[in-house]
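Let me begin by presenting the structure, written as structure tokens, before commenting on it.
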Amino acid sequence: MAENTKILWEWALLASAGLGSLFMLLAAWGNLRVPNVIARMHAAGLGSTLGAFLLLAATGVYFFALDSELDTLILLGVLEFFLLLTAPVATSAMARASLHIADSRESEHLILDEFSSSIHPAAEGSDSHPALEYVDRLHSDSAKWRRYGPGILPLWVADMDFKAPQPILQSLQDRLAHGVFGYGGQEEELAEVFCQHLASTYHWHVTPQDLMFLPGLVSGLNVVSAAIGEPGSSVMTLEPVYPPFFSAPTNQGRQLQSVTLHQAMQEGHLHYAIDMDRCRQVADQSTRLFLLCNPHNPVGRSYSETELRAIAEFCLERDIALCADEIHCELLLGDTRHIPVAALDPDIAQNTITLMAPSKTFNIPGLGCSVAIVQNPRLRAAVQRQIQGIVPHVNVLGYAAAVSAYGDPECREWVLSLCRFLTGNRDFLLQELQRHFPEARSTCPEATYLAWIDFAPYVEGSAYQSFLDQAQVALSPGSSYCTQDGDSFVRLNLGTRRENLVLALDRMRSAVVP
Amino acid sequence: MFVHNPLRGALLVFLLMLGVAMCLTLLRLMLGPTTPDRAVSFDQLSLQAVGIIVLVAMLLDSSDLVDIAIVIAVLGFLGTFLLARYMERRKE
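Taken in sequence, the protein lines are chains A and B.
The first sequence begins at 1 in my numbering and counts up one residue at a time.
The second sequence begins at 1001 in my numbering and counts up one residue at a time.
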């Protein structure tokens, strides 16, 4: 062999072996340094294989080009081919296996998790609702995502991670383009479309003068608490319930009479019912107002006609005004039907203040637009007196969004597909809870996107705190919904994409299973 | 023997690099923390062993050692694959 050819081969050998060793070293460093097993597989599967491949090539040069050993070259060729064939197979097999193992499953590191549907069969189809557009709100002004910051998956405050329906977005954009934000608001237009909506959806006929628009439902609860009765009189409510039901009466100098809902297991799920006997016992001369939450946040009940009649008649009998918060009335899961209590009969309507809002349904709570429906002129005047000069008007954007929410048929369609999606999320959640937390007791919500779950067998003390600290999942603490106890309960907001539920449940499971 | 000294020296340096690489991977093997982490490290160790064997084969000018590299590669692959299958099965 000519001397300079030999030198050329030697350089090739050096370059190949050097590069190969460098890759080996880098790959080992990578395996040690990168944060999770899925990423480490790149180091072992790509870096080390390439390193071995180059070292084998160098060996081929050594024994064949410099030593003319053909048999060794063939052996090395076979080995190279074998490595190229087996490396991807081994890596795929390991990746699959690691996805099956809970403690190493770190799907937040995966941009695309093609195996999530085979591991969680029901996770399929979460994106099959083109009407719903998921938005990553981590770096937005969202209270839900900001409060706990990055790294924590928030399933607490009751809003959804989906864009509002297109007609609402369009009407808001049109209103913005107008450029003038002077005094105003489409009060008449909204009253008209809302009355039509009540008539067509519930056969409930109200007139525009029965409506009062408020910037929020919580102010509604406070206004009503102040409007009915006098300082020192009592307000009755049913717990567990949304915390402002406790604070509104107290804020307005009223006594709170909280009656615990009757709790039982029904078909494997927690089921809550109104304990009328207990209500009768607790109610006294001072009781002037009953705050009803229907659909009931957080227990997910949509009360039946019988239950509503019982409550309404009890209130009429005892001369107690009834205030029904029906903000979740359009988030109906499965075949649930909502009945506005005031629509039951004219006598009940005369004794009832109903609070509704497009906020939860269309995911626009930040726009602050709610409506109080008060058909009794005396009650209306009492509420009006409390509003006067204290409660601000609904802003122009709130009106613009609400008019389109109730006036545009496309928004109806959107609600239907939202409810189908949420029903799927509920069923998925219950099935996964059954699989991974068989001892936990959960409601099967008939309405709302909120599940109320008792994790007593799995956590000591506050379930909220345990999951926040150990699973990096932010739920709503059960104790805020009860006047006593409730620590082992959490409220879970399932108004998000399915992948987030999968991730939350995985993290929660890893947190409680040592 | 035409491996003159500079080439032999370079091969020794490469051998040292692979030794360091192997130590790093062994550290990951010990740290874990999960079974898949250890399986990945095992796979990497077998590839590093193949590299070390062929470097030694060149240093000793002995092509017989290539056979050992083949055995290690086959065992490494089978081991990794079986570990992966085992982890999946155990979960079911």
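Glycine included, every Cβ here is placed at the ideal spot set by N, Cα and C.
Within the same chain, Val61 come within 7 Å of Ala12/A by CB-CB distance, once the 5 residues on both sides are set aside. Here Met356/A carries a strand assignment [DSSP, helix/strand/coil]. Judged by their CB atoms, Arg441/A and Asp427/A are not nearer to each other than the 8 Å cut-off. The count of Cβ pairs closer than 8 Å, one atom from the segment 312-328 of chain A and one from the segment 350-361 of chain A, reaches three, so the stretches are in contact. For Gly20/A, the neighbours in chain B by C-beta distance under 7 Å run, in chain order, Gly1051. Contact between Phe23/A and Leu56/A is ruled out by a C-beta separation of about 12 Å, above the 8 Å threshold. With the rule of 3 Cβ pairs closer than 8 Å, the segment 471-479 of chain A counts as touching the segment 500-512 of chain A. The beta carbon of Ala1021/B is closer than 6 Å to those of Gln1048 in its chain, skipping five residues each way along the sequence. Residues Trp9 of the same chain have their beta carbon placed closer than 7 Å to that of Ala65/A, with the five preceding and five following residues left out of the count. Non-local beta-carbon contacts of Gly334/A in its own chain, meaning distances under 6 Å to residues more than five positions away in sequence, involve Thr423 in chain order. Note on the segment 148-203 of chain A: whole alpha helix (DSSP H) runs with a minimum of 4 residues are 166-178 and 187-202, in chain order. Counting the other Cβ atoms within 10 Å of the Cβ of Glu432/A gives 16 or more, which makes it buried. When DSSP states are grouped into helix, strand and coil, Thr423/A belongs to the helix group. In this structure, the beta-carbon distance from Ala15/A to Asn31/A does not fall below 8 Å. Apart from the 5 residues on each side of it in sequence, Leu54/A sits with its Cβ closer than 6 Å to the Cβ of Ser16, Leu19 and Gly20 in its chain, given in chain order.
Contact between the segment 188-195 of chain A and the segment 402-415 of chain A is present: 3 or more CB-CB pairs across the two stretches fall below 8 Å. Contact between the segment 218-236 of chain A and the segment 272-289 of chain A is present: three or more C-beta pairs spanning the two stretches fall below 8 Å. For Ala52/A against Val1050/B, the beta-carbon gap comes to about 5 Å, under 8 Å, which counts as contact. In this structure, the beta-carbon distance from Gly478/A to Phe467/A does not fall below 8 Å. Using a Cβ distance threshold of 8 Å, Leu331/A and Tyr449/A count as a contacting pair. Counting of Cβ neighbours within 10 angstroms places His296/A among the buried residues, the total reaching 16 or more.
Burial is judged here by how many other beta carbons sit within 10 angstroms of a residue's own beta carbon; Ala199/A has fewer than 16 and is exposed. Taking all protein chains shown into account, Met1030/B has fewer than 16 neighbouring C-beta atoms within 10 Å of its C-beta and is therefore exposed. For Thr207/A, the closest C-alpha among the options Pro377/A, Arg497/A, Gln386/A and Asn493/A is that of Pro377/A. Residue nearest to Glu439/A within the set Glu410/A, Met265/A and Phe181/A is Met265/A (criterion: CA-CA distance). Approximately 24 Å separates the beta-carbon atoms of Val415/A and Gly185/A; this is outside 8 Å, ruling out the contact. Residues of chain B whose Cβ lies closer than 8 Å to the Cβ of Thr5/A do not exist; the shortest such Cβ separation is about 12 Å. For Phe489/A, the enclosing beta strand (DSSP E) starts and ends at Phe489 to Asn493. Taken through DSSP and simplified to helix, strand or coil, Thr496/A comes out as coil. Between Ala283/A and Ile320/A, the gap from beta carbon to beta carbon is short of 8 Å.
Looking at the backbone, the Cα of Thr250/A and that of Val223/A are separated by about 12 Å. Within the segment 227-242 of chain A, no residue has a Cβ lying closer than 9 Å to any Cβ of chain B. Distance between Ile168/A and Ser417/A, taken at the CA atoms: about 16 Å. For Cys482/A, there is no enclosing beta strand (DSSP E), as DSSP gives it neither H nor E.
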